[in-house]
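Working notes, beginning with the structure itself.
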Amino acid sequence: MIDIKFLRENPEVVKENIRKKFQDQKLGLVDEVIALDAEVRAAQQEADDIRAKRNKISKEIGALMGQGKKEEAEAKKAEVAANAKRLAQLEEKENDLREKIKKDMMTIPNIIDPSVPIGKDDTENVEIQKYGEPLVPDFEIPYHTEIMERFHGIDMDAAGRVAGNGFYYLMGDIARLHSAVIAYARDFMINRGFTYCVPPFMIRSAVVDGVMSFAEMDAMMYKIEGEDLYLIGTSEHSMIGKFIDQIIPEEELPHTLTSYSPCFRKEKGAHGIEERGVYRIHQFEKQEMIVVCRPEESPMWFDKLWQNTVDLFRSMDIPVRTIECCSGDLADLKVKSYDVEAWSPRQQKYFEVGSCSNLGDAQARRLRIRVNGKDGKYFAHTLNNTVVAPPRMLIAFLENNLQADGSVRIPEVLRPYMGGMTEIR
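Residue numbers (numbering that gives the first Met the number 0): 0 to 424.
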């Protein structure tokens, strides 16, 4: 959510930003907000005048009563009562107008960084850099669930009977590998100076509204019936929510946290064959990282965050590349975003395994996360990035470490978490 003062003073900048995101249907919201804002300020001014007049009349009533002028005092009281009725009307009008403005402002997209490439959708995202040599072995690589089934490591049929489509049982060494990757990612981030955290797995609607756009919420979140609670789609939501309504001393910044959580997602829509198996599922686990920092430091932290994911995957010998999301592929709250994609030898192409985002002060403004600096209070900047999400990461891991005899090599960094195993047979 952008600053309404900025919108008021720079409506054409906001409109041009909407055009860059190819959301022309939202252009009218800018003029609507400006008109509503003018109404609010007019109502507020009238209300302030009435309050000032009421205070003045109250003093006059006291003086008249002291002088024994009861009839004149009663007339003044009637005037106060009439003003009170009008004041109540104005206050109700103000509240209604502010709610309309809030709804519009939460729909208008955040101002994107000037460096973001302009494009309509993810087909126009831009490759930044490749890390590691993408190899294709001289033997056939089966679909990832087939690899898991060879080790009796997955049971999607049983999960379907228990919970429906989009769920799975991981078993044996595959389940152990899943947990090993999570544990390794946790320690990897701790070693990089991040504080480990296990957050709440449910959040209130006030936090949901603060961390994501309406479109994202509808596509992702599961609501707990009868309660003001949602299952988290990613732990960054509850991690950023940790700072709701807080005034953070500037000297405490940055807050750098890495969190483990299960994640729950609707994953609406039909998906192709390559997004079946454990690629798009309703429940998975993830290691995440978030940063709350000074505005001037967020570009630096953005680069550090995506580099962490690249380094993690390269430490497990998995080739990756970074992709910059174009303007049309950015969620409304994001200023800038990179996807980290891992190499799939079977498909002979890259696929997304993580996403790094700088949200500027959008989430902080919605959640009222302020910093107490030497020159006054200001809104913090927030960033998030996937360390690793094992179900999708397992696809890349198994394909890149599968050997000709059907065994799976365990990279050296994971062996301590796998009881010293060097391969799965």
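Ideal Cβ positions, reconstructed from N, Cα and C, are used throughout, including at glycine. If you're wondering where the values come from, they're calculated on a predicted model, not measured in any experiment.
Taking its Cβ as the centre, do 16 or more other Cβ atoms sit within 10 Å of residue i, making it buried, or is it exposed?
| i | result |
| --- | --- |
| Lys335 | buried |
| Ala81 | exposed |
| Lys222 | exposed |
| Arg85 | exposed |
| Thr194 | exposed |
| Asn371 | exposed |
| Asp103 | buried |
| Ile127 | exposed |
| Gly118 | buried |
| Ile428 | Residue 428 lies beyond the stretch modelled for the chain, which goes from 0 to 424, so this question has no answer here. |
| Asn453 | The structure shown does not extend to residue 453, since the chain is modelled only from 0 through 424, so no value can be given for it. |
| Asn164 | exposed |
| Pro415 | exposed |
| Pro261 | exposed |
Can you find the residues in the same chain that come closer than 7 Å, C-beta to C-beta, to residue i, ignoring five residues on each side of it along the sequence?
| i | result |
| --- | --- |
| Ala269 | Caution is warranted here: a pLDDT of 47 is assigned to Ala269, below 50, making its placement in the model unreliable, and the coordinate value is therefore given only provisionally. Within the same chain, Ala269 has no close Cβ partners at all. |
| Met170 | His151, Gly152, Ile153 and Asp154 |
| Ala361 | Met0, Asn109 and Leu332 |
| Leu311 | Ala184, Phe187, Val386 and Val387 |
| Gly276 | Tyr142, His143 and Thr144 |
| Asp36 | Ile3, Arg7 and Ile100 |
| Lys76 | Ile60 |
| Glu296 | Pro253 |
| Asn94 | none |
| Gln43 | Glu93 |
| Ile140 | Pro344, Arg345, Glu398 and Leu401 |
| Asp112 | Val334 and Lys335 |
| Glu31 | Asp103 |
| Gln22 | Pro108 |
Just to check my reading of the structure: residue i and residue j have Cβ atoms closer than 8 Å, yes? What is that Cβ distance to the nearest angstrom?
| i | j | result |
| --- | --- | --- |
| Val432 | Gly353 | Within the shown structure, residues of the chain are numbered from 0 to 424, placing residue 432 beyond reach of any answer. |
| Leu397 | His143 | 6 Å |
| Tyr130 | Arg313 | 6 Å |
| Glu78 | Ile56 | 6 Å |
| Leu228 | Phe263 | Between Phe263 and Leu228 the Cβ distance is about 12 Å, and since that is not below 8 Å, they are no contact. |
| Lys19 | Ser326 | 5 Å |
| Trp342 | Ala395 | 7 Å |
| Tyr259 | Gln286 | 6 Å |
| Asn508 | Met288 | This structure does not reach residue 508, given that the chain is present from 0 up to 424, and the question cannot be answered. |
| Met147 | Ile173 | 5 Å |
| Ser212 | Ala330 | 6 Å |
| Pro133 | Val125 | With a Cβ gap of about 18 Å, Pro133 and Val125 do not count as contacting. |
| Ile409 | Met392 | Rounded, the Cβ-Cβ distance is 14 Å, inconsistent with contact. |
Could you check what DSSP says for residue i in three-state terms: helix, strand or coil?
| i | result |
| --- | --- |
| His177 | helix |
| His380 | strand |
| Leu397 | helix |
| Ser114 | coil |
| Tyr183 | helix |
| Ala330 | coil |
| Asn307 | helix |
| Tyr278 | coil |
| Ile409 | coil |
| Lys14 | helix |
| Gln347 | coil |
| Gly431 | Summary: the structure shown does not reach residue 431, with the chain confined to residues 0 through 424, and so no result is reported for it. |
| Phe21 | coil |
| Lys435 | There is simply no residue 435 to check, as the chain begins at 0 and stops at 424 in what is shown. |
| Asn109 | coil |
| Lys373 | coil |
| Ala87 | helix |
| Asn124 | coil |
| Gln402 | coil |
| Ile1 | coil |
| Asp48 | helix |
| Arg364 | helix |
| Gly131 | coil |
For residue i, I'd like the list of residues in its chain whose CB is within less than 6 Å of its CB, leaving aside the five on either flank, ordered along the chain.
| i | result |
| --- | --- |
| Tyr337 | Trp305, Thr321, Glu323 and Cys355 |
| Ala158 | Phe166, Tyr167 and Tyr168 |
| Ser460 | Shown here, the chain extends from 0 to 424; a query on residue 460 therefore has no answer. |
| Gly240 | Ile202 and Val206 |
| Val434 | This structure gives no information on residue 434, because the portion of the chain shown stretches from 0 to 424. |
| Glu226 | none |
| Cys196 | Leu256 and Ser258 |
Enumerate in chain order the residues of its own chain whose CB-to-CB distance from residue i is below 8 Å, with the five nearest sequence positions on each side excluded.
| i | result |
| --- | --- |
| Arg97 | Val39 |
| Val13 | Ile1, Phe5, Leu6, Val29, Ile107 and Ile110 |
| Lys25 | Ile17, Thr106, Ile107 and Pro108 |
| Glu249 | Arg293, Val370, Asn371, Gly372 and Lys373 |
| Ile243 | Ala205, Val206, Gly209, Leu366, Arg367 and Ile368 |
| Ala46 | Leu86, Leu89, Glu90 and Glu93 |
| Lys376 | Ile246, Arg369 and Val370 |
| Ala83 | Arg53 |
Report the residue ranges of all alpha helix (DSSP H) runs contained in full by the segment 190-270; include only those spanning at least 4 residues, in chain order.
-> 204-210, 213-219 and 234-240
Which ranges does the alpha helix (DSSP H) cover as unbroken runs of at least 4 residues, wholly within the segment 135-169, from first to last along the chain?
-> 143-149 and 155-162
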